[in-house]
Every structure is written in structure tokens, then in C-alpha cells.
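Engineer:
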Amino acid sequence: MVSSPSSTRIKVDDPVLPDQKTLLRFITCGSVDDGKSSLIGRVLFESGSVPDDQLVTLDTDSKKFGTQGAALDYALLVDGLSAEREQGITIDVAYRYFATSKRSFIVADTPGHEQYTRNMATGASNADLAIILVDARKGILPQTRRHSLIVSMVGVKNVIVAVNKMDLVDYSPFVFQAIEHAYHDIAKTLNIPNVIVIPVSAVAGDNIAAPSARTPWYNGPSLIEYLETVDVQSNASDAGFAMPVQWVNRPDSSFRGYSGLIASGRISPGDAITIVPGGREAIIDRIVTFDGDRDQAMTGQSVTLTLDREVDISRGDVISTISEPVSASKVVSTQVLWMSAEPLDPQKSYLAKLATTTVSALVKAPDTVLDVENYQDKVVEKVGINAIFKTRVSFDRLIAVAPYNNNRDLGSFILIDRLSNEVVALGLVDGLIPSDLGKARTRVTLTSLPFRHDPLKRSLMKTSSFALGTLLLGFIMWPLSLKWPPALYGFAIAEIFFFLVHELLWARARWGLAGEVKFLSAGEGI
Amino acid sequence: MSLSHLERLEAESIHILREVVAECEKPVMLYSIGKDSAVMLHLAQKAFFPGKLPFPLLHVDTTWKFREMIAFRNETARRIGAELLVHTNEEGLAQGITPFGAGSRTYTDVMKTEGLKQALNHYGFDAAFGGARRDEEKSRAKERVFSFRNAEHRWDPKNQRPEPWKLYNTRKKPGESIRVFPLSNWTEIDVWSYIAEQNIPVVPLYFAKPRPVVKRSGALIMVDDGRLPLEQGEVPEFKMVRFRTLGCYPLTGAVESEADTLDDIVTEMRESRSSERQGRLIDHDGAASMEKKKQEGYF
Ligand SMILES: Nc1nc2c(ncn2[C@@H]2O[C@H](COP(=O)(O)OP(=O)(O)O)[C@@H](O)[C@H]2O)c(=O)[nH]1
Ligand SMILES: [Mg+2]
Numbered sequence: 001m002v003s004s005p006s007s008t009r010i011k012v013d014d015p016v017l018p019d020q021k022t023l024l025r026f027i028t029c030g031s032v033d034d035g036k037s038s039l040i041g042r043v044l045f046e047s048g049s050v051p052d053d054q055l056v057t058l059d060t061d062s063k064k065f066g067t068q069g070a071a072l073d074y075a076l077l078v079d080g081l082s083a084e085r086e087q088g089i090t091i092d093v094a095y096r097y098f099a100t101s102k103r104s105f106i107v108a109d110t111p112g113h114e115q116y117t118r119n120m121a122t123g124a125s126n127a128d129l130a131i132i133l134v135d136a137r138k139g140i141l142p143q144t145r146r147h148s149l150i151v152s153m154v155g156v157k158n159v160i161v162a163v164n165k166m167d168l169v170d171y172s173p174f175v176f177q178a179i180e181h182a183y184h185d186i187a188k189t190l191n192i193p194n195v196i197v198i199p200v201s202a203v204a205g206d207n208i209a210a211p212s213a214r215t216p217w218y219n220g221p222s223l224i225e226y227l228e229t230v231d232v233q234s235n236a237s238d239a240g241f242a243m244p245v246q247w248v249n250r251p252d253s254s255f256r257g258y259s260g261l262i263a264s265g266r267i268s269p270g271d272a273i274t275i276v277p278g279g280r281e282a283i284i285d286r287i288v289t290f291d292g293d294r295d296q297a298m299t300g301q302s303v304t305l306t307l308d309r310e311v312d313i314s315r316g317d318v319i320s321t322i323s324e325p326v327s328a329s330k331v332v333s334t335q336v337l338w339m340s341a342e343p344l345d346p347q348k349s350y351l352a353k354l355a356t357t358t359v360s361a362l363v364k365a366p367d368t369v370l371d372v373e374n375y376q377d378k379v380v381e382k383v384g385i386n387a388i389f390k391t392r393v394s395f396d397r398l399i400a401v402a403p404y405n406n407n408r409d410l411g412s413f414i415l416i417d418r419l420s421n422e423v424v425a426l427g428l429v430d431g432l433i434p435s436d437l438g439k440a441r442t443r444v445t446l447t448s449l450p451f452r453h454d455p456l457k458r459s460l461m462k463t464s465s466f467a468l469g470t471l472l473l474g475f476i477m478w479p480l481s482l483k484w485p486p487a488l489y490g491f492a493i494a495e496i497f498f499f500l501v502h503e504l505l506w507a508r509a510r511w512g513l514a515g516e517v518k519f520l521s522a523g524e525g526i
Numbered sequence: 527m528s529l530s531h532l533e534r535l536e537a538e539s540i541h542i543l544r545e546v547v548a549e550c551e552k553p554v555m556l557y558s559i560g561k562d563s564a565v566m567l568h569l570a571q572k573a574f575f576p577g578k579l580p581f582p583l584l585h586v587d588t589t590w591k592f593r594e595m596i597a598f599r600n601e602t603a604r605r606i607g608a609e610l611l612v613h614t615n616e617e618g619l620a621q622g623i624t625p626f627g628a629g630s631r632t633y634t635d636v637m638k639t640e641g642l643k644q645a646l647n648h649y650g651f652d653a654a655f656g657g658a659r660r661d662e663e664k665s666r667a668k669e670r671v672f673s674f675r676n677a678e679h680r681w682d683p684k685n686q687r688p689e690p691w692k693l694y695n696t697r698k699k700p701g702e703s704i705r706v707f708p709l710s711n712w713t714e715i716d717v718w719s720y721i722a723e724q725n726i727p728v729v730p731l732y733f734a735k736p737r738p739v740v741k742r743s744g745a746l747i748m749v750d751d752g753r754l755p756l757e758q759g760e761v762p763e764f765k766m767v768r769f770r771t772l773g774c775y776p777l778t779g780a781v782e783s784e785a786d787t788l789d790d791i792v793t794e795m796r797e798s799r800s801s802e803r804q805g806r807l808i809d810h811d812g813a814a815s816m817e818k819k820k821q822e823g824y825f
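So the protein lines, in turn, are chains A and B.
Per the working numbering, residue 1 is the first one in the first sequence, and the count goes up by one each step.
Per the working numbering, residue 527 is the first one in the second sequence, and the count goes up by one each step.
(1) DSSP state of B:Trp691, grouped into three classes?
(2) Secondary structure at A:Met339, three-state DSSP: helix, strand or coil?
(3) Heavy atom of ligand 1 less than 7 Å from the Cβ of A:Ser37, yes or no?
(4) By DSSP, does B:Glu782 sit in helix, in strand, or in coil?
(5) How about A:Ser212: is its Cβ closer than 7 Å to a heavy atom in ligand 1?
(6) In this structure, how does DSSP classify A:Asp371 when only helix, strand and coil are distinguished?
(7) When the Cα atoms are used, what is the spatial distance from A:Ser349 to A:Thr358?
(8) If you run the structure through DSSP and keep just helix, strand and coil, what is B:Thr696?
(9) For ligand 1, is there any heavy atom lying closer than 7 Å to the beta carbon of A:Ser148?
(10) Just checking A:Val203 against ligand 1 - is the residue's beta carbon closer than 7 Å to any of the ligand's heavy atoms?
(11) Against chain A, does B:Glu794 count as a neighbour if the rule is that its beta carbon must be under 8 Å from one of theirs?
(12) Which value, in whole angstroms, describes the spacing of the CA atoms of A:Gly438 and B:Glu669?
(13) Going straight from the alpha carbon of A:Arg286 to that of A:Phe255, what length do you get?
(14) Return helix, strand or coil for A:Pro211, following the three-state DSSP convention.
(15) Indicate the three-state DSSP secondary structure (helix, strand or coil) for A:Asp109 in the structure shown.
(16) Once the 5 residues before and after B:Arg687 are set aside, which same chain residues still bring their CB inside 8 Å of it?
(17) Taking C-beta to C-beta, are B:Ile726 and B:Ala564 nearer than 8 Å?
(18) Tell me, which residues are paired with B:Phe672 by DSSP?
(19) Going by the DSSP bridge assignment, what does A:Gly260 pair with across the sheet?
(20) Might you give, ordered along the chain, the residues of its own chain that have their beta carbon closer than 8 Å to the beta carbon of B:Ile721, omitting 5 neighbours on each side?
(21) In the DSSP assignment, find the unbroken alpha helix (DSSP H) run with A:Leu545 in it and report its ends.
(22) Any C-beta of chain A sitting closer than 8 Å to the C-beta of B:Pro700?
(23) How would you label B:Asn685, buried or exposed, when you count the other beta carbons within 10 angstroms and need 16 or more for buried?
(24) Rounded to whole angstroms, what's the CA-CA distance from A:Asn407 to A:Ser264? Just pull it up for me.
(25) Report the three-state DSSP secondary structure of B:Trp718 (helix, strand or coil).
(26) Quick one, which of B:Pro762, B:Leu754, B:Glu784 has its alpha-carbon nearest B:Leu777's?
(27) Give the residues of chain E in contact with A:Met243, contact being defined as C-beta atoms less than 8 Å apart.
(28) Grouping DSSP H, G and I as helix and E and B as strand, with all else coil, what is B:Tyr775?
(29) Under three-state DSSP, which class holds A:Val161?
(30) Hey, how far is the Cα of B:Trp477 from the Cα of A:Leu190?
(31) If you measure from the beta carbon of B:Glu780 to each beta carbon in chain A, is any gap under 8 Å?
(32) Mapping the DSSP letters down to three states, classify A:Arg408 as helix, strand or coil.
(33) Does the beta carbon of A:Lys165 fall short of 7 Å from some heavy atom of ligand 1?
(34) Taking the straight line between their C-alpha atoms, what separation do you get for A:Val151 and B:Glu538?
(35) Does the beta carbon of B:Arg544 come closer than 8 Å to any beta carbon on chain A?
(36) Whole angstroms is fine: what's the gap from B:Glu617's alpha carbon to B:Phe574's?
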């Protein structure tokens, strides 16, 4: 996320106007009791986000359920379900909202219990950054590794490792450095590009809002300072335009619009588009919004597009630029997190929801799953809950799909059990596997001159090509008919046939209509 | 260039609204007349423009709403040309249940929760939009955007569906329904900033004005009509007040304030040290009261 131009001009100390602030979404994860909820509670408290009446409630709650004696137990600001308060654990993701003078934050406090890994993964899927907590006394635990794996799998590029409970190890730099080293190895294996390790104490408040005097050996930023300034790159905005059609807007016969959230790229009226799958083509006529038509729309916006002609488009189709069309496939290689107690059944037809399409899907049983202890493959008989593995998923028809790394919205899916309606897995597309049936229409680009709408040039070109063909035919038929006059009938028939072929070919050419010059090779349709 | 915080929230909410209309059979929007409903309605207008709302608005009327709310509700439905359904739990009325005497606990159960369930069952809605936000309350903070309810409208907080990315599983069995919260990720300040930015009409009760109030268990209760039983020696006093949240007038506390413009409200909120729900008497019955109400079918 790059800060908007207007906010970069403001001095750092000036509060940024709320409508210009950028938004950072992050999660906290790690093993049970590492102090995730306490840390978030502390961050909320330090950023002045806890209203007075909630502080009063916190005081009474701390005495009743708290684990910190008479002192405030910040975890109770976050653990909201009664079962959580009674058991002192986090069951489901808690979303909290706070803002500093520089940024707005949405934080998801995710559960540490292995049993609730799916809730952790849900939180991670939308995060720009993850705080992974490590208890200084315990060091890196299997759950730290599992969460790091899921975080890297869903493409979170920024990780803060908060080495917590430093107060319980006398703020020892040696304890800290050992954990820091060990974690850098994990980050390397998992290819997490941006990692910072910070020594903190959620309970004592060290290095949360300001550098702590008790860790003079640590020169890095405090946790909040880092959250406020870390540069998280938004993804996919420079990819080609793609918008999964969510809903066809037809209030009356005079209007037909295609609504959706733009998954990648930009679009303007006049741009040539193609519908994936299928390859039908059209030109964007208008970008319609409640606040008036727009000249342009981009990634992340919800818009309604109209086209210059009637095209058969329904929910699940993807509107994509002609120059860089989204691919379509029936079979994909994927990474899957299994979230159901019911093991994977390779015979069973699941429902896959990918962007706005829902299709039937078969999931191949993998031979191995990832071992979270060492990130090596491990042979298994059955795929059970929380297993992470690579496999191949086949859909019952061709759908628009892209590798997750190129396009998050078109590369992520959930699997649903048809009978129980339970979400049994989440998955990411690694790559597309060509299958004979799934072969899309081949497109041959003859030339790429950006011709805008120009009917005169088109007519001239069309006339010339027809004249040239007729002339050629004449050259062949003329000497023939001199020797044998009935050949003139043959000439007439050949001319009619040529006219037909000529029209068909031109009908497929975009040239001079608008957009870019494209020819489709005839006949290879799907 | 990237989208601002409010632009991102807007686009995501519109996506949620459209997802429900595309995948559910009979959606409805619970319209509670307050500022969150105003924003949700505005987002719905945007989502389905140039068409009208593809679903009706439902107001569960306890008969104890502020008069200005009812006037605003009718005016809004007329202005945007939406179909408005109003439902009141007539059995509850017949039993003489009021916000007094029987206590606010049964009142909320009967008039709001029961009334809502009656209306949903009566019309057979399979999805209902609500304007609740996760920042309002701790159990709300745990709720999914698509919140499943069984045939008895109960919420099972320990067994919620995973909701990764923007992938919402809307499949349900007969009788089951979904409550959908398009404003899940909005905060109170986002709502006001957006109202100011987009010029969204809201009930005038949000702006400070001299109003007749009495003080009860620490809260300022507005004497909106002759039905509020005054206790011995209680005399309504005119005070400059406004409301941060709107509900049934005998249960909604006003705050003393001079803020009579949107800008003043936003400024006041930034400086405020108390949460908006403080004025709602129903939340104080116990730390877990909202969670319990929600499990029983309250929004
Ligand atoms: N001494 C000390 N205790 C902590 C610290 N952070 C958390 N705790 C305690 O560790 C326990 C688990 O904390 P909690 O936040 O519930 O952990 P979670 O399971 O990761 O959410 C609680 O008793 C906390 O009070 C810390 O920095 N120092
Ligand atoms: Mg916790």
C-alpha cells in the first residue's frame, strides 16, 4: 500500500485526515499462551483506542477472570466470547479496529490452538502483515512453524516476530538473539521477504509504543512505530484488467450492466475486452456508478460496466483485457489447507468457489503432505484436518483462473461439501495444467497497431482486399474462359465463394472497429 | 495510486451486498433507521445503481421508537422508492409488554428478537442484511460477515464458517438463514466520515438541540411522548443533547453536546473517551448479554 499523494505531503507529526489514511490489515498468531490477545489489548490501550467505559469494565473483568492478579489483563479487551473468557483462550478470530495519527488498522487476533487453525488461516488470507508471537521462555514451537507456513502460503510478505514475555527472561539479549537466528532460518526456508524481530513484553509494555530502556541492546523500532511506517506493497494492480462478473444488472430492458469488484488492472471506456472463458469480444461503453460515469476504474473498486454490444455474459465469467487476457483452465495445480475433520475423499465431487464461479471439483489425493516440523514432505494414508499439501484439482468445466501469485482473486478458492455445506478446505492455484478439453481458442495476433474506431479506413481496406482477390481469380479464370467459355460459370461460383470467405474473415477482424488489431484463426473454437 | 481507507471499505461492502443478491433467493435489508442503516442503504443504492434496490426494507417496530425516527423512515423509503415492510409483534403488544415494568430484558426479547423472527419467518427471507459493525461490541468482533442461523435463528459462535479472502459460502439447508453484515469492518468514525463525505441524510436526533429529558440511572432519557411514566418529582428539563445511537426512546440515553453539524460530530467523536453503546441500556445487563441475545436470534 503506497500512501496516497495527498498524505505524503503532510508532515509526519500532523494527523492524516481519516479519508486519506491508508489501511493496514494484520493478524497476530503463534502458539497458545504466547500472549497474542494480551499484545493486541496492549496495542489498543497504548494507541488510546480503549474508551473509558470499556476500561472500567476491563478493571472489573480483570479481577473476575484475569490472569494477572489485580492488575489489568489486556487480553480481556479482545477475548469476547464467554467461553473464551472462562477458559482464557481464543476460539475465533476477533477483529479489532484502531487508528493512530498515521494509519488505520484492522487487526485479527487469531486462535493459537491447532484445533482452530482454520480460523487462523481465515485471518491470514486478508492480511498485509503478520505478527508472529514467540514466548521468550519457550522459543520456537511447532505452532510457530505452522503459522509461519500458512502466512507464507497465503502470500503475506511482511512478518514481525514479537519475542514476548521478555520480562520473564530478565530482558536477556542472548535469549532474544537465539530466537532471532532460529526464525531467520524459517523465513529463509519459507521465502518470507520482509522479517523484523522485536523484543517485547505485552504485560510490561516494553517496545510496544516506544523503545524500552530495559532493552538497550535493541536499536530497532517499537512495534507500533513499525506498524505505522512499514511499506506494504499492494499486489496485482499492474497486471492486466480482470473483473469477475458478480451480478448482471438489468433493471429494465434499456440497461444491461455487469457488476463486480476489479481483481486487477485498470479499465476505461473504449477499451477492448474479452470474456473468459469463451473469448467473445466487445468494447467497454461506460463505467456506471451512482456518482456518475467514470473515465477510469482500477483494482479494488466495485463498478458496473456496460458494453457496446449484446454479449451473453453471466455471473462467473471474467471480463478481461484483450491485450492480456486471463487464462482459462479445467485443471489446476494447487496448495490446499484441509479444514474439515472429515478426511479428503478423492472420489467425492466437491463444490469449488473461485472468485464468483462455483463449479464441481475433484481433488486428487496427494501422496504426501507437508510436515510442519521441518517443512519436508511426509507420506500419509489419509488427508486429515489441518493438513497442508500440494495437489491437482479438476473442475467440471473450463473456468477463468490465474496463479495466486499473479492474481489473488482469481487464484484462491474454497471447497464446500455438498451435503453438509461445510467449507472443507481453502486452496491457492500454483499453475494451470493444460488438458485437451481445456484448450482455449488459439489467438493469432497479426499486427498490433492501436487503431481506434475508424470505419472509413476499414471500408477502404476491405474494398482493397476484395478487389485484390477478384483480380487474382480473374487472372486464373481469364485464360481458361478464352479457351473454354463455360468456365465463366466456374468463375462466377468461385467469386461467390470468395465473397463469403472474405466476409467471414473480416467479421473476425477487429481492425478499424476500435481497440487493437486482432485476427482470430478460424475454426479452432472450443 | 491506491484506494483510500474509505474507498476500500466502500468497495468491499458493495461486493458483499451484490454477493448476497446474486446467491440468495429472498434477501431483505433490516432497516433500523440509525446512522449505520443510513450508510448501508446508501451503499446498497450504489451497488445496484441504476436499478432500484432488489430487496425490500424491513423495520421491526417496537412502537417505542422516537417519533422523528418513524417520520425519517417513511420519508427515506419514499425518497429512494424502496419497498418498506413494517412488522410489530402484535402478541407482545397484546400482552402489554412495555420497556417498563416487565423490565428491559423481556421487552427486548419479545418486541425485538421475537418480532424479528416472526417477520423473517412470515416472509420467508433467507438472507437479512444488518448494519452491525464489529467495533461495536466484543461478541460482534467475533462474528463473520456471513453469519449462519439455524431454523431457530440461533447463532453458534464456536462453529462459524471460515471466510477466507472474499469467498463467502452462502449454501444453506432449508429453514436456515444468513445474517449478513456489510459494515463489519467499519468503525463509528468511518461511518461519520463517510456520512459527511457523501452527504447522506440522517435522523436529526443525531444533532444537538434543546430537548426535554429526565435523568434515570445516570442516563438522560428524552420525553418523546406522553407514554413515558414520570416518577414522583421527576420534571422534564430542556437540555442541549444529541444521540450517538438510536433505539427505543425510553432505553436510549442522550449525551449532552453542542455538536449540531456533521463536522462538530466528527470532532466530538475524535475527542470522545466513551464508547457509543454506553447509551444503550440493554447492554449493561451483564458482560455476555449481547452474546446471549445474539445466540437467541437478536441481530
Ligand atoms: N509476564 C508476562 N506475561 C504475559 C505476557 N504476555 C502475556 N502474558 C500472560 O500469558 C498468558 C497468555 O496470554 P494470552 O494473551 O491469553 O495468550 P494467547 O493465548 O496467545 O492469546 C496470560 O496469563 C498473560 O497474562 C508478558 O509479556 N509478560
Ligand atoms: Mg488469545
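Backbone N, C-alpha and C fix where the C-beta goes; we use that ideal spot for every residue, glycine too.
Structural biologist: In terms of the structure at hand:
(1) For the purposes of this step, residue 691 of chain B is identified with residue 165 of the second sequence, where counting begins at 1. Correct three-state label for B:Trp691: coil.
(2) Counted from its first residue, the first sequence places residue 339 of chain A at position 339. In this structure, A:Met339 counts as coil in the three-state DSSP scheme.
(3) As a first step, residue 37 of chain A must be located in the first sequence, where it is residue number 37. Yes, ligand 1 has a heavy atom inside 7 Å of this Cβ.
(4) As a working note, residue 782 of chain B is residue 256 in the second sequence. In the structure shown, B:Glu782 sits in a strand (DSSP, three-state: E or B).
(5) Taking the first residue of the first sequence as position 1, residue 212 of chain A is located at position 212. No.
(6) Translated into positions along the first sequence, residue 371 of chain A becomes position 371. Per DSSP, reduced to three states, the secondary structure at A:Asp371 is strand.
(7) Indexing the first sequence from 1 puts residue 349 of chain A at position 349. Indexing the first sequence from 1 puts residue 358 of chain A at position 358. So the two alpha carbons sit approximately 12 Å from each other.
(8) As a position in the second sequence, residue 696 of chain B is number 170, starting the count at 1. Judged by DSSP in its simplified three-state form, B:Thr696 adopts coil rather than helix or strand.
(9) For this step, residue 148 of chain A is matched to residue 148 along the first sequence. No, the Cβ of A:Ser148 stays beyond 7 Å of every heavy atom of ligand 1.
(10) Residue 203 of chain A sits at position 203 when you count from the first residue of the first sequence. Yes, the Cβ of A:Val203 comes within 7 Å of a heavy atom of ligand 1.
(11) On the second sequence, position 268 is the one that residue 794 of chain B refers to. So, not an interface residue.
(12) Stepping through the first sequence from its first residue, residue 438 of chain A is reached at position 438. Stepping through the second sequence from its first residue, residue 669 of chain B is reached at position 143. In this prediction, A:Gly438 has a pLDDT of 40, which is less than 50 and means its spatial position is unreliable; what the coordinates show is noted afterwards. Roughly 40 Å separates the two Cα atoms.
(13) Taking the first residue of the first sequence as 1, we reach residue 286 of chain A at position 286. Taking the first residue of the first sequence as 1, we reach residue 255 of chain A at position 255. Distance between the alpha carbons of A:Arg286 and A:Phe255 is about 11 Å.
(14) Position 211 of the first sequence holds residue 211 of chain A. In the structure shown, A:Pro211 sits in coil (DSSP, three-state: anything other than H, G, I, E or B).
(15) Position 109 of the first sequence, counted from the first residue, corresponds to residue 109 of chain A. A:Asp109: strand per DSSP, three-state reduction.
(16) Walking along the second sequence from the start, residue 687 of chain B turns up at place 161. Only Arg670, Phe672, Phe674, Asn695 meet the Cβ criterion.
(17) Start at 1 with the first residue of the second sequence, and residue 726 of chain B comes out as number 200. Start at 1 with the first residue of the second sequence, and residue 564 of chain B comes out as number 38. In this structure, B:Ile726 lies near B:Ala564, with their beta-carbon atoms less than 8 Å apart.
(18) Locating residue 672 of chain B in the second sequence gives position 146, where the first residue counts as 1. Residue pairing for B:Phe672: DSSP places it in a beta bridge opposite B:Val706.
(19) As a working note, residue 260 of chain A is residue 260 in the first sequence. According to DSSP, A:Gly260 bridges with A:Val303.
(20) Taking the first residue of the second sequence as position 1, residue 721 of chain B is located at position 195. Take B:Ile721, set aside five residues on each side of it, and the residues of its chain with a beta-carbon closer than 8 Å to its own are Lys561, Ala564, Val565, Val728, Leu788, in chain order.
(21) No statement about residue 545 of chain A is possible, as the shown extent of chain A runs from 1 to 526 and does not include it.
(22) Numbered from 1 along the second sequence, position 174 holds the residue referred to as residue 700 of chain B. Not one chain A Cβ lies under 8 Å of B:Pro700.
(23) Locating residue 685 of chain B in the second sequence gives position 159, where the first residue counts as 1. Taking every protein chain shown into account, the CB of B:Asn685 has fewer than 16 other CB atoms within 10 angstroms, so this residue is exposed.
(24) For the purposes of this step, residue 407 of chain A is taken as residue 407 along the first sequence, with counting starting at 1. For the purposes of this step, residue 264 of chain A is taken as residue 264 along the first sequence, with counting starting at 1. For the pair A:Asn407 and A:Ser264, the Cα-to-Cα distance works out to about 7 Å.
(25) By one-based count along the second sequence, residue 718 of chain B stands at place 192. Assignment of B:Trp718 by DSSP, reduced to helix, strand and coil, places it in the helix class.
(26) Within the second sequence, numbered from 1, the residue matching residue 777 of chain B stands at position 251. Taking each of B:Pro762, B:Leu754, B:Glu784 in turn and checking the Cα distance to B:Leu777, the smallest one comes out for B:Leu754.
(27) No chain E is present in this structure, whose protein chains are A and B.
(28) Translated into the one-based positions of the second sequence, residue 775 of chain B becomes position 249. Correct three-state label for B:Tyr775: helix.
(29) Mapped onto the first sequence, residue 161 of chain A falls at position 161. A:Val161 sits in a strand when the DSSP states are folded into three classes.
(30) Because chain B is modelled from 527 through 825, residue 477 of chain B falls outside the range shown and cannot be assessed.
(31) Along the second sequence, read from residue 1 onward, the residue named residue 780 of chain B stands at position 254. Just to set this straight, residue 780 of chain B is Ala in the shown sequence, not Glu. Not an interface residue.
(32) As a first step, residue 408 of chain A must be located in the first sequence, where it is residue number 408. In this structure, A:Arg408 counts as coil in the three-state DSSP scheme.
(33) Translated into the one-based positions of the first sequence, residue 165 of chain A becomes position 165. It does: the Cβ of A:Lys165 is within 7 Å (strictly closer) of some heavy atom of ligand 1.
(34) Taking the first sequence and counting its residues from 1, one reaches residue 151 of chain A at position 151. Taking the second sequence and counting its residues from 1, one reaches residue 538 of chain B at position 12. Computed Cα separation, rounded: 22 Å.
(35) Here residue 544 of chain B refers to the residue found at position 18 when the second sequence is read from its first residue. Yes, contact with chain A.
(36) The count along the second sequence starts at 1 and reaches residue 617 of chain B at position 91. The count along the second sequence starts at 1 and reaches residue 574 of chain B at position 48. Cα to Cα, the separation comes out at about 36 Å.
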